[in-house]
Amino acid sequence: MNKFLSFIVLTFLVSCTSNTIYKEPKDLIPKDTMIALLTDMYLASSAKNIKNKFLKKESNYMVLVYNKYKIDTIRFDRSNKYYTSKADDYSDMLKKVKKNIDSLDKKYRELQRVKDSIDKPNSKLMLDEDGKTFDSSLVKGLGEEKLQHLRR
299 MNKFLSFIVL
309 TFLVSCTSNT
319 IYKEPKDLIP
329 KDTMIALLTD
339 MYLASSAKNI
349 KNKFLKKESN
359 YMVLVYNKYK
369 IDTIRFDRSN
379 KYYTSKADDY
389 SDMLKKVKKN
399 IDSLDKKYRE
409 LQRVKDSIDK
419 PNSKLMLDED
429 GKTFDSSLVK
439 GLGEEKLQHL
449 RR
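Read in order, the letters of the sequence shown correspond to residues 299 to 450 in my numbering.
In structure tokens, the structure reads:
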């Protein structure tokens with residue numbers, strides 16, 4: 299009896315898994331665009347409680363993301379439903395989104411570190427035109443105008 303009950307429970311659990319793969323919508327957002335879109339959406343959702351440069355909180359940054367990619371919520375929902383039905387592909391997409399966010403985080407932390415070091419009077423680190431740091435003691439011959447340009 300115990301084996302029979304175990305068999306029934308196991309059969310029930312296996313039959314409950316969803317293997318539904320939705321049909322590809324006609325207006326499917328391409329994978330690379332979807333990855334960029336999801337990256338921006340994660341950033342927008344995390345920024346909703348941050349004040350902008352005018353010291354105001356935007357109530358919904360998602361509208362700006364939809365406008366940037368020229369899509370509407372319906373098209374996003376259809377594409378997202380399709381991609382989420384393919385769990386392995388969606389997992390890979392989310393890993394790329396995380397990689398994008400991590401690289402943006404690293405980039406802006408480095409820019410902030412350099413900006414902080416420029417604001418300190420004894421700092422020697424500066425940014426060149428490509429965004430790379432260099433020792434400002436190497437540019438002593440430059441005029442103050444050029445240094446101000448580099449500090450921006």
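Don't be surprised by glycine CBs; every beta carbon is placed ideally from N, CA and C.
In this text the structure is predicted, and so the values were computed from the model without any measurement.
By the three-class DSSP mapping on this structure, what secondary structure does K368 have?
In this structure, K368 counts as coil in the three-state DSSP scheme.
Option in L409, E408, T371 and K349 with minimal Cα separation from L336
Selection L409, E408, T371 and K349 evaluated against L336 yields T371 as nearest (Cα-Cα).
Three-state secondary structure assigned by DSSP to K455:
What is shown of the chain runs 299 to 450, which leaves residue 455 out entirely.
Report back the beta-carbon spacing between A334 and Y359 to the nearest angstrom; my notes put them in contact at under 8 Å.
In fact, because the Cβ distance is near 15 Å, the residues do not count as touching under 8 Å.
Using three-state DSSP, classify K349 as helix, strand or coil.
In this structure, K349 counts as strand in the three-state DSSP scheme.
For Y340, collect the residues of the same chain with a Cβ closer than 7 Å to its Cβ; drop the 5 residues on either side in sequence, then sort them by chain order.
So the list reads V395 and I399, once near-sequence residues are dropped.
Proximity of L326 and S377 at Cβ, strictly below 8 Å:
The beta carbons of L326 and S377 sit closer together than 8 Å.
In the structure shown, what three-state DSSP assignment does Y359 receive?
DSSP, reduced to helix, strand and coil, places Y359 outside both helices and strands of the structure shown, so it counts as coil.
Are Y367 and T331 close, meaning C-beta to C-beta below 8 Å?
Cβ distance < 8 Å, so Y367 and T331 count as in contact.
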